[in-house]
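Below is one structure, written out as C-alpha cells; comments come after it.
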Amino acid sequence: MALWRGRCRKRPGLVEVFTLTLFSLRGPAREAGRFILGLETSCDETSAAVLKDGKEILSNVISSQITTHQRFGGVVPEIASRKHMENITGVVDSALEEAGIGWDDLTAIAVTSGPGLVGALLVGVAYAKGAAMARKLPLVGVHHIEGHIYANLLTERELSFPLLCLVVSGGHTHLVRLLEHGRLEIIGSTRDDAAGEAFDKVARALGLGYPGGPLIEKLAREGSIEAYDLPRAWLEGSYDFSFSGLKSAVLNLLNRAKQRGEEIHKAGLAASFQEAVVDVLIQKTCRAARESNAETVLLAGGVAANGYLRERLREALAADGRRLVVPPLILCTDNAAMIACAGYHRLMRGETAAVDLNAVADWPLGT
C-alpha cells in the first residue's frame with residue numbers, strides 16, 4: 001500500500017518547487033533496493049528525483065522557470081541555463097532529503113543528455129558527471145522523449161508489449177511503437193511544427209500569453225468546436241503529422257479579420273483550433289494502434305496534460321476495444337522521475353555512459 005503526497009512551496013534559491021513523493025507504508029526508504037538519482041534540465045524545469053527499483057518514486061522535486069520566461073513569451077535559452085546553474089544543487093539536496101537517503105545509498109545517476117537546449121542540458125550533464133565521478137557511481141545518459149514515454153511505467157506497473165505511444169510536446173510529435181525495453185520504432189513524426197509549438201504560437205497570436213497549451217484549453221471550454229472551419233493535414237498513407245498549415249490558417253484568419261475590422265470570437269477560435277489538432281492526433285493514433293496490434297496506447301509529453309485530448313483519445317480507443325494509459329499531470333510535464341525510470345531500465349541493460357558523455361541538442365529517438 002502506498003500514498004501520494006504533493007506540495008508546493010518556496011525554498012532559498014529555488015523557484016516554485018513542487019515535490020511529489022510516493023511514500024511506501026512497508027518501511028523506510030533505506031530498505032534494500034536500487035536507488036537511482038534522476039536529473040532533468042533540458043528546457044525550463046530543473047528537476048531531481050529518487051526512484052527505488054525503477055518504479056517507486058521517493059521524491060520528485062521540480063523547480064519551474066515559467067514565471068521567469070512568461071514576460072518574453074517563450075523560453076530564453078541563456079536565461080534558462082543560468083537558472084539551472086543557480087538551482088540544481090538545491091534541487092538535488094531537496095530530492096535526497098525528501099527521499100530520506102544520502103549519496104552513499106545511491107546505485108546510479110541518470111541524466112537527460114538530449115535532446116533539448118544545449119546550454120540547459122550541459123548544466124545537468126556536467127553536474128551528473130561530476131557527482132558520478134566523485135561518488136564512483138555508474139552514469140546513465142537518457143533521451144528526454146524516452147523519459148516521457150517511461151513516465152507511464154511509474155503508474156502502470158504491468159504493461160504488455162507491443163505498445164504504441166503518442167508523444168505530444170512543445171518540440172515533438174511522434175507515434176512510437178515499443179517492441180520491448182530498449183527497442184523503440186518511430187512510425188510517425190511531425191514534418192514541421194510540433195503540436196505544442198502550434199499551441200504556443202496560436203496562443204501568442206490570440207494574446208493569451210505563455211505557455212499556450214493550458215491557456216487555449218481553458219479558453220476553448222467557452223467556445224464551440226464548430227465556430228470556425230479550420231483545415232487538417234492528413235498526409236494520407238503516412239503516420240506523420242503537420243501543424244504549420246493549421247497554425248498559418250489561424251494567423252491568416254486573424255489578420256483578415258483585423259484588416260476588415262471584423263470581431264473574432266476568441267473562445268470559438270480556440271475551441272476550433274484545439275479540435276483540429278486533437279482530431280488528427282486521435283485518428284492517426286487509433287489507426288496505428290489497429291495496424292500495430294497494440295491493445296494498450298500510452299500518451300506522453302507536455303501536451304498529454306491537455307484534458308480534452310485525454311478524454312477524446314480514451315473514448316476513441318475504448319470504442320475500438322483498446323485502453324489508454326496516461327501519467328498523472330505532474331509526470332506529463334518535464335520531471336526527473338521519468339528520467340530515473342528510463343535510466344533504471346538502461347542500467348539493467350548495461351547501458352552506462354563514460355565520462356565523455358555530452359549534451360546532444362538533436363539526439364534522434366531510438367538511436
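Every letter in the sequence shown is one number past the one before it in full-length UniProt numbering, and letter 331, counting from 1, is 331.
By construction, the Cβ of each residue, glycine as well, lies at the ideal position given by its N, Cα and C atoms.
All values reported here derive from a predicted model rather than from experimental measurement.
Check	Outcome
Stretch-stretch touch, CB-based, cutoff 8 Å, three pairs: the stretch 42-53 with the stretch 334-354	yes
CB contact flag (residue 156, residue 278, <8 Å)	no
At least 3 beta-carbon pairs within less than 8 Å: the stretch 239-255 vs the stretch 179-199	yes
Buried or exposed by the 16-neighbour rule on C-beta atoms within 10 Å, applied to residue 70	exposed
Meets three-Cβ-pair contact criterion under 8 Å: the stretch 113-124 and the stretch 134-144	yes
Cut-off 6 Å between Cβ atoms - residues of its own chain near residue 119, not counting five sequence neighbours on either side	77, 81
Any non-hydrogen atom of the ligand ZN closer than 7 Å to residue 246 Cβ	Here there are no bound small molecules, and the ligand ZN is not part of this structure.
Stretch-stretch touch, CB-based, cutoff 8 Å, three pairs: the stretch 255-264 with the stretch 120-129	no
Residue 282 versus residue 316 - alpha carbon distance	7 Å
6 Å Cβ shell around residue 347 - same chain, five flanking residues per side excluded	108, 140
Simplified DSSP state of residue 52, which is helix, strand or coil	strand
Identity of the residues DSSP links to residue 168 by a beta bridge	173
Three-way DSSP call (helix, strand, coil) for residue 206 in this model	coil
Whole runs of the alpha helix (DSSP H) within the stretch 280-355, excluding any shorter than 4 residues	307-319, 329-332, 336-348
Burial state of residue 52 (16 or more Cβ within 10 Å)	buried
Residue 147, enclosing alpha helix (DSSP H) - first and last residue	144-150
Segment contact flag, the stretch 354-362 with the stretch 166-185, C-beta cutoff 8 Å, min 3 pairs	no
Element boundaries [alpha helix (DSSP H), containing residue 66]	66-69
Helix, strand or coil at residue 275 according to DSSP, with G and I counted as helix	helix
Cβ neighbour criterion (16 or more within 10 Å) applied to residue 226	exposed
Closest Cα partner of residue 301 within the set 319, 320, 330, 275	330
At least 3 beta-carbon pairs within less than 8 Å: the stretch 223-239 vs the stretch 204-211	no
Residue 178 - DSSP class collapsed to helix/strand/coil	strand
Classification of residue 59 by the beta-carbon crowding that lies within 10 angstroms, buried from 16 upward	buried
Same chain only: Cβ atoms within 6 Å of residue 314, ignoring 5 sequence neighbours per side	324
Supposed close pair residue 213, residue 204 - CB separation, criterion 8 Å	Actually they are not in contact, since the Cβ atoms of residue 213 and residue 204 sit about 12 Å apart, beyond 8 Å.
Local Cβ density within 10 Å of residue 238, reported as buried at 16 or more and exposed below that	exposed
From 274, 93, 190, residue whose alpha carbon lies closest to that of residue 49	93
Three-state class that DSSP yields for residue 60 in the structure shown	strand
Candidates 284, 289, 100: closest to residue 234 by CA position	284
From 186, 162, 192, residue whose alpha carbon lies closest to that of residue 180	162
Own chain residues within Cβ distance below 6 Å of residue 74, not counting five before or after	210
DSSP three-state assignment for residue 45, whether helix, strand or coil	strand
Residue 100 versus residue 61: straight-line alpha-carbon distance, rounded	13 Å
Residue 341 versus residue 215 - alpha carbon distance	30 Å
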